[in-house]
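Number 124 marks the last residue of the sequence shown (this note's numbering); no jumps.
Using N, Cα and C, we set each Cβ at its ideal position, and we do this for glycine too.
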Amino acid sequence: MASQSIFERIGGRDAVEAVVSDFYDRVLDDPLLEPYFEETDMDQLRSHQAQFISAVAGGPVEYDGDDMQTAHEGMGITADAFASVASHLEAALRENGVPDDDIEAILTEVAAMEDDIVEA
5 MASQSIFERI GGRDAVEAVV SDFYDRVLDD PLLEPYFEET DMDQLRSHQA
55 QFISAVAGGP VEYDGDDMQT AHEGMGITAD AFASVASHLE AALRENGVPD
105 DDIEAILTEV AAMEDDIVEA
């Protein structure tokens, strides 16, 4: 079992899509974060997020979106907003039964991108 990727251990594409759906429900209900998404094509964003989470989790999916700095440039994302997003991702992962070690591995990958995402 240790040789399986996180993607495989959590249930593959269906599990990732459930996490992404739960994650964006949480994000869009957060008054701090909602304004960042007002002009966003949420279907496209959900698709890119599913690719991103799948790739980070070692799935057979290539993330084909912009690099993190380009994708978030000019959005004025604060450290508080980044922390809130990470908190919602952690909650969505937990709610969908992802084991603690796998949550930690995914959040470590996300945390490594903070400098490319946070502007203010």
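Asked                                                                                                                                     : Found
Looking at V31: is its Cβ nearer than 8 Å to the Cβ of I57?                                                                               : no
Apply the 10 Å Cβ neighbour rule to M5 and answer buried if 16 or more other Cβ atoms are within range, or exposed otherwise.             : Residue placement at M5 cannot be trusted, given a pLDDT of 49 that sits under 50; what the coordinates show is reported in the next sentence. The residue in question, M5, is exposed, as its Cβ has fewer than 16 Cβ neighbours within 10 Å.
Inspect the CB distances between the stretch 90–101 and the stretch 23–43 and report whether three or more fall short of 8 Å.             : yes
If you run the structure through DSSP and keep just helix, strand and coil, what is M5?                                                   : In this prediction, M5 has a pLDDT of 49, which is less than 50 and means its spatial position is unreliable; what the coordinates show is noted afterwards. M5: coil per DSSP, three-state reduction.
With a 10 Å radius around its C-beta and 16 neighbouring C-beta atoms as the bar for buried, classify G101 as buried or exposed.          : exposed
Could you give the first and the last residue of the continuous alpha helix (DSSP H) run that contains D120?                              : 118–121
Let me confirm a value: Q53 is counted as buried when at least 16 other C-beta atoms fall within 10 Å, else exposed. Which label applies? : buried
Within a Cβ cutoff of 7 Å, which residues of the same chain sit near V122, ignoring the five residues on either side of it in sequence?   : I81, T82, A83, F86
Would DSSP call A61 helix, strand or coil?                                                                                                : coil
Could you check whether the Cβ of G15 sits closer than 8 Å to any Cβ belonging to chain C?                                                : Annotation note: the requested chain C is absent from the structure, which comprises a single protein chain.
Just the Cα atoms here: how many angstroms apart are D18 and M79?                                                                         : 30 Å
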